[in-house]
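Just below is one structure, and these are the notes that go with it.
There are 6 protein chains.
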Amino acid sequence: MRIKIINPNTTVSMTKAIEQAGKKFARARTEVFAVNPSIGPESIESFYDEYLSIPGLLEEIIIGDKDEGVDAFIIACFGDPGLLAAREVTKKPVLGIAEAAITTARLIAPNFSIVIPLHRSRRLSEEVVQMHGAKDRCISIRTTDLTVLDFDKNLEKGLNVLEEECKRAVEEDGAECVLLGCAGFVTFVEELQQKLGVPVFDGVSPAVKLAEGLVDMGVETSKALTWSPPEKKVITGFSEILQP
Amino acid sequence: MRIKIINPNTTVSMTKAIEQAGKKFARARTEVFAVNPSIGPESIESFYDEYLSIPGLLEEIIIGDKDEGVDAFIIACFGDPGLLAAREVTKKPVLGIAEAAITTARLIAPNFSIVIPLHRSRRLSEEVVQMHGAKDRCISIRTTDLTVLDFDKNLEKGLNVLEEECKRAVEEDGAECVLLGCAGFVTFVEELQQKLGVPVFDGVSPAVKLAEGLVDMGVETSKALTWSPPEKKVITGFSEILQP
Amino acid sequence: MRIKIINPNTTVSMTKAIEQAGKKFARARTEVFAVNPSIGPESIESFYDEYLSIPGLLEEIIIGDKDEGVDAFIIACFGDPGLLAAREVTKKPVLGIAEAAITTARLIAPNFSIVIPLHRSRRLSEEVVQMHGAKDRCISIRTTDLTVLDFDKNLEKGLNVLEEECKRAVEEDGAECVLLGCAGFVTFVEELQQKLGVPVFDGVSPAVKLAEGLVDMGVETSKALTWSPPEKKVITGFSEILQP
Amino acid sequence: MRIKIINPNTTVSMTKAIEQAGKKFARARTEVFAVNPSIGPESIESFYDEYLSIPGLLEEIIIGDKDEGVDAFIIACFGDPGLLAAREVTKKPVLGIAEAAITTARLIAPNFSIVIPLHRSRRLSEEVVQMHGAKDRCISIRTTDLTVLDFDKNLEKGLNVLEEECKRAVEEDGAECVLLGCAGFVTFVEELQQKLGVPVFDGVSPAVKLAEGLVDMGVETSKALTWSPPEKKVITGFSEILQP
Amino acid sequence: MRIKIINPNTTVSMTKAIEQAGKKFARARTEVFAVNPSIGPESIESFYDEYLSIPGLLEEIIIGDKDEGVDAFIIACFGDPGLLAAREVTKKPVLGIAEAAITTARLIAPNFSIVIPLHRSRRLSEEVVQMHGAKDRCISIRTTDLTVLDFDKNLEKGLNVLEEECKRAVEEDGAECVLLGCAGFVTFVEELQQKLGVPVFDGVSPAVKLAEGLVDMGVETSKALTWSPPEKKVITGFSEILQP
Amino acid sequence: MRIKIINPNTTVSMTKAIEQAGKKFARARTEVFAVNPSIGPESIESFYDEYLSIPGLLEEIIIGDKDEGVDAFIIACFGDPGLLAAREVTKKPVLGIAEAAITTARLIAPNFSIVIPLHRSRRLSEEVVQMHGAKDRCISIRTTDLTVLDFDKNLEKGLNVLEEECKRAVEEDGAECVLLGCAGFVTFVEELQQKLGVPVFDGVSPAVKLAEGLVDMGVETSKALTWSPPEKKVITGFSEILQP
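Chains as they are written, first to last, in our numbering: chain H, 2 to 245; chain A, 2 to 245; chain Z, 2 to 245; chain E, 2 to 245; chain W, 2 to 245; chain X, 2 to 245.
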């Protein structure tokens, strides 16, 4: 089974960390590989960034579907950018990492908090929580002063800042599970898990496990109506790949 | 890995069918076994039935946790009876089949209908949909004139009745996915899937796949507060097993 | 008129206090009597406890319905355990004390807080508030370090702890009414009412008054569908009383 | 105990019917009397009517509170006009009949429909259902071609029309209880109850029973903040009675 | 185009300030004039005040509709009193200032706080937020110790108190826009806007702009059903103007 | 004042019709002009189309903001694509036409239906209704067999199909206002308005009027946090214009 993880930003170091996280709990015969589009923003912190990451992301979905024999896709950004569109262009299962983290958290904890990098991205997280029907289970979203790239550049400082917010989530908000709301946080999971005493997740590992399960079952995205393939039409200014 | 499926009613033929469904997509090294409690109702169609199935169910959870080296539990009744209590008595993941079906449906379809046996059990399904945060995604619950045991006794008639309701769900309600809302329906999945043209699930197979994923990741139920072990106290009139 | 109050735990001292509270505002010709099942937990603080209290509780409902000429039933635990099942096995009105407290609070205050014993039981209270449609009116649920039995054993300490949380509910949360979320708290109502300056309720007294009203009107539980009697079927391992 | 029912419209025949309904299940020592304001509309079918009924209604509340030794008030129009204001001008309990009907229905049925006179008043009913937190339990609001006064003038025709809509509520909508959404419908309750086979209520009788219960308990409206007495100020153009 | 603003309280100084605010951004050819009813309360802080302001307000709507050639109406109290009734008695657009402020805030900010005079009026604001579908966008309602008339009498103190609450809304609650929840606050808008660094609105100016837009488009209130003219009927004790 | 309308698809005939609609109710001194990006899909019917329209749309926003002296922007596609991102890249007000239509409908009708081209796009409309907080007011979304371009090519057939669905919305669903859910429908508004007897809107005209109002007031998008400018970062593969 081949699972393609797409880091929708263009920062290669993050793509590598994500691939590692994806492989961590993958089964022996599951081939996990991560890519990032060649076009798009180097990190995703605003709606603007998010939308500009989607064309490159969709290219990677289509390539994976047509040419790479991919069995399932994972979108590795905690805003789940382009998720609904990705499901239109392939029958293969597509999972967002926010979706995977939230889905998994619900199975093992009565509530959860999400910790994300930058204050400004709070609304992006609120939208994703709402989309996955978890508004009642998400008791807080905590944010920091650091950007996505700050965390990538200074791991130690990042870990400290993150730990502090996670602790507040547990102690002040009553979180019984903490979700790390950035694909770049995969490197911090283990250390935080040990320190916090409640389950801590990133979304990449859960997404891989969910994807394996769907592929095992032979389940594919419903093409009945909403996620049927996009109508044939001219789309100007984008690569051949993106022509429906 | 050992996954214990508990059919919370006492009808052995259903337990066998459930075990088969549980094994269908399980991995080679996953040992799946299904049991039913020796005490409780022979089918579950009312809140009354549901509550009387729970003590026996909880015994099976506790035995599995203490004595059988079980890695994950599945409660195989579409009302997910006793789910929240089961999570209190073991650290091992516990999944309900309604939870598993709904969780999986959300990943591959924009909405779904649930088809259950008896008209009277509608509210049980409404509660379970609400509990799993899927009220916005569940566009209809369809019910029949047949009891759980009717379906067990007359497979052909059952299939016909079920097919009719499933078709109505798709054609009249606009369902893009259909969930079979009874553990006893596992035998009908394949045939209905072929006839309907939209994804059709029972909850047993998805639950096994979700369970495998959680066990692979080493994730356990959060014991922070809500689902911590029940307080030590005297519980009169129940078996030694059920003493906390 | 005969009203049977069932304390679903097995602690006899609580049953007595509950009976007294039930009689406090009952009319002269209303016979109020309280019992507790002989089986079940000695207090209810977890979902586990709650479910194990229900079989004994249902026995008492059935006995009351068949043999004791009871006109209405009250379930005297603030989680309203087994309420929906109890309504299936008798046509006589059945009320939960959380239901009664919440129902009554809505009639005389724009919002309310609930104060319950143990931190871990918060989710039980959240569920019961949701079930009775009062999520918008319940502005906080406050919890303490003491168990149900702690309160029973040390009344003075209990009162102090309770008073403190009630005050916080009023002063910090803006509660305009306080509900005491444990049947065992009936002994504290009067003193707290005097100290707090906002209405304070337990659920037992309101339940008796609601029950009297329903019986006066000759109103019975609708047997149209959802709460019709459980289907005839074999239920193994429980008393003859519980066979439908 | 004295319970004052205020029919907020000026149609005396309705006031009489309401008084009779109020006395029907009242206890021997409960004195129930109904009045209507001398000012206001002869029936209430629009928001316009509703608002113009409120000053006269509030006068009757204030007179009842100051001069008539009233222990509890009932507002006998299914839109519960002025309910929140009435609670500001007296400490005595005030109940709306929609509130009472909805509150009581919840205790004995899993859902209900409301049948009201005129199509145009649907939104008034929607608002009142929302106000009392019963949106999830109210499965339909059914309306007719007849005005409030049409029902008052032609009882036989009224009954037939009403019966038809009630039947639709039960058979098409699945209502397990029917609420008659007009104080003028009190005369039809018994006949409809017999014909429909599910509980049928007006709101007047339940309101009397709820009021009796509150008075027995000595419970009064919380004056903590929201429903504290209106601030002293000049109110021009209204009677002396209405000066706060 | 003539826009009639109705201050529903009888305080003339507020009416003048409101008229000024209404003219501030009105177009050259838009004639804006403000009146207040001769009957009703001098300020609106309770449900009681609100309801007693409505008859006088409705008179002004009807006069404006029949005799004054008014093209659109604005109700200048932040509780939007009588809004739904006003829409019944005229086809001309009617806007509430809470509605206008909330509507406009949604267009330029992801969330907002409302600051109102008196603590007790919080629920009035909650109702109006709910009515306009903005519960998810309104992150806090802040209140003060001062009455509406206190603000009118002591502008400097009023400004200081208001500034403090607005700052808390921004700094503690994370408000990205602040709505001044009292028509009397129109005088403070500019100063607060400068001090706060986030958009600050009253509702009067936005209401005028929305009204101009609707009139330009020739759009009128739908008379299909809900807001069709009130039925002809006798309404006793009110002026000739108010007879439907 | 300059208002720039951006038709986010590349079909020039639609852009022209939109411009005309935009000018219809604009004030004499309001300069309205419509453009479409040179890149993107020729119509928008899927999430895929929607996302691929956004980069070109954002370019037009940025150009308008920096080089064209634009005072307000309108996104003329009923899914309001890219709305939240557009608000990040300019301080000038940005309105979506779904937002404008829904906002305006709420001011003059108690409910509304939306009629859109293709069945498959229903979910896009559901999302936009949810985003603008109008779920309770939108009583139906009606869809047709025709694509956006079908309507553009065969106006007469389009009108007939549209009229039929609009009538169903009014007669079967009880819509008191109908919103035409496609920018291409601007040509049908007048004729449908005359035939239906309830208010009928497209979103373009209302958006222009809302924009004029905001500009008159000098109101700009809050830059406090959520919609502050995107962080400086490298965005590969897009035009210079799109570099933050």
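Heads up, the beta-carbon is just placed ideally off N, CA and C, and yes, glycines get one too. Values in this document were obtained by computation on a predicted structure and should not be read as measured data.
Asked                                                                                                                                                                          : Found
Please check if any C-beta of chain E sits within less than 8 Å of the C-beta of Z/Asp217.                                                                                     : yes
In the stretch 193-230 of chain H, which residue ranges form an unbroken alpha helix (DSSP H) of at least 4 residues, counting only runs that do not cross its ends?           : 205-218
Please report the distance separating the alpha-carbon of H/Gly251 from that of E/Ile115.                                                                                      : Only positions 2 to 245 of chain H appear in this structure, which leaves residue 251 of chain H out of reach.
Kindly provide the ranges of any beta strand (DSSP E) runs that are 3 or more residues long and lie completely inside the stretch 106-144 of chain X, ordered along the chain. : 113-119
Between E/Gln184 and E/Ala77, which are expected to be in contact by the criterion C-beta below 8 Å, what is the C-beta distance as a whole number of angstroms?               : In the sequence under discussion, the amino acid at residue 184 of chain E is Ala, which differs from the Gln named in the question. Confirmed, about 4 Å.
Check this for me: beta carbons of H/Val190 and H/Asp203, under 8 Å apart or not?                                                                                              : yes
How would you call A/Asp68, buried or exposed, if buried means at least 16 neighbouring beta carbons within 10 angstroms?                                                      : exposed
Tell me whether Z/Lys136 is buried or exposed, calling it buried when 16 or more other Cβ atoms sit within 10 Å of its Cβ.                                                     : exposed
Distance cutoff 8 Å, beta carbons only. Does A/Phe79 sit that close to anything in chain Z?                                                                                    : no
May I ask you to list the residues that DSSP assigns as paired with Z/Leu181?                                                                                                  : Z/Val116
Could one say the Cβ of Z/Glu89 lies closer than 8 Å to chain A's Cβ atoms, at least one of them?                                                                              : yes
What separation, rounded to the nearest whole angstrom, lies between the Cα atoms of E/Leu211 and W/Arg123?                                                                    : 28 Å
So, helix, strand or coil for W/Val149, using DSSP?                                                                                                                            : helix
Where does H/Phe189 sit, in a helix, a strand or coil, going by DSSP?                                                                                                          : helix
To which residues of the same chain is X/Ile19 closer than 7 Å at the C-beta, ignoring the five residues directly before and after it?                                         : Ile6, Asn8, Ala35, Ala77, Ala184, Val187 and Val205
With a CB to CB cut of under 7 Å and the five nearest residues on each side skipped, what residues in its chain are close to Z/Lys233?                                         : Pro245
Runs of 3 residues minimum, wholly inside the stretch 50-117 of chain W: which ones carry the beta strand (DSSP E) assignment?                                                 : 73-76 and 95-97
Can you tell me which of the three DSSP states W/Glu32 falls into?                                                                                                             : strand
Do the CB positions of E/Pro82 and E/Thr222 come within less than 8 Å of each other?                                                                                           : no
In terms of alpha-carbon separation, which member of Z/Pro111, Z/Glu166 and Z/Ile63 lies closest to Z/Pro230?                                                                  : Z/Ile63
Determine the extent of the beta strand (DSSP E) in which W/Ile19 is found, giving its start and end residues.                                                                 : Careful: W/Ile19 lies outside any beta strand (DSSP E), inside the alpha helix (DSSP H) at Val13 to Lys25.
Let me see if you follow: with CB-CB separation under 8 Å, is A/Pro82 close to chain H or not?                                                                                 : no
If H/Pro38 sits next to H/Leu53, beta carbons under 8 Å apart, how far is it from one beta carbon to the other, in whole angstroms?                                            : Not confirmed; about 10 Å, so no contact.
Could you give the distance in angstroms between the alpha-carbon of A/Asp153 and the alpha-carbon of A/Asn161?                                                                : 13 Å
CA-CA distance, A/Arg169 and H/Leu108?                                                                                                                                         : 31 Å
Less than 8 Å between CB atoms is the rule here; does Z/Asp137 satisfy it with respect to chain E?                                                                             : yes
Identify the continuous beta strand (DSSP E) that holds W/Lys5 and give its terminal residues.                                                                                 : Arg3 to Ile7
Determine the direct distance from the alpha carbon of H/Glu166 to that of H/Thr144, and round the result to whole angstroms.                                                  : 8 Å
For E/Phe26, which residues of its own chain have a beta-carbon under 8 Å away from its beta-carbon, when the five flanking residues on both sides are left out?               : Ser206, Val209 and Lys210
Against W/Phe26, what residues of chain X qualify as contacts under a CB-to-CB distance less than 7 Å, listed in chain order?                                                  : Asp217 and Met218
Is A/Glu164 closer than 8 Å to A/Leu193 when the C-beta atoms are compared?                                                                                                    : yes
How would you write the range of the alpha helix (DSSP H) that H/Leu252 sits in, first residue to last?                                                                        : The structure shown does not extend to residue 252 of chain H, since chain H is modelled only from 2 to 245, so the question has no answer here.
Using a Cβ-Cβ cut-off of 8 Å, state whether A/Val162 counts as contacting chain C.                                                                                             : Here chain C cannot be found, since the structure's protein chains are H, A, Z, E, W and X.
Could you tell me if Z/Leu156 is buried or exposed, where buried requires 16 or more neighbouring beta carbons within 10 angstroms of its beta carbon?                         : exposed
What separation, rounded to the nearest whole angstrom, lies between the Cα atoms of Z/Glu46 and A/Leu125?                                                                     : 24 Å
Below 8 Å between beta carbons: does that hold for H/Asn112 and H/Ala176?                                                                                                      : yes
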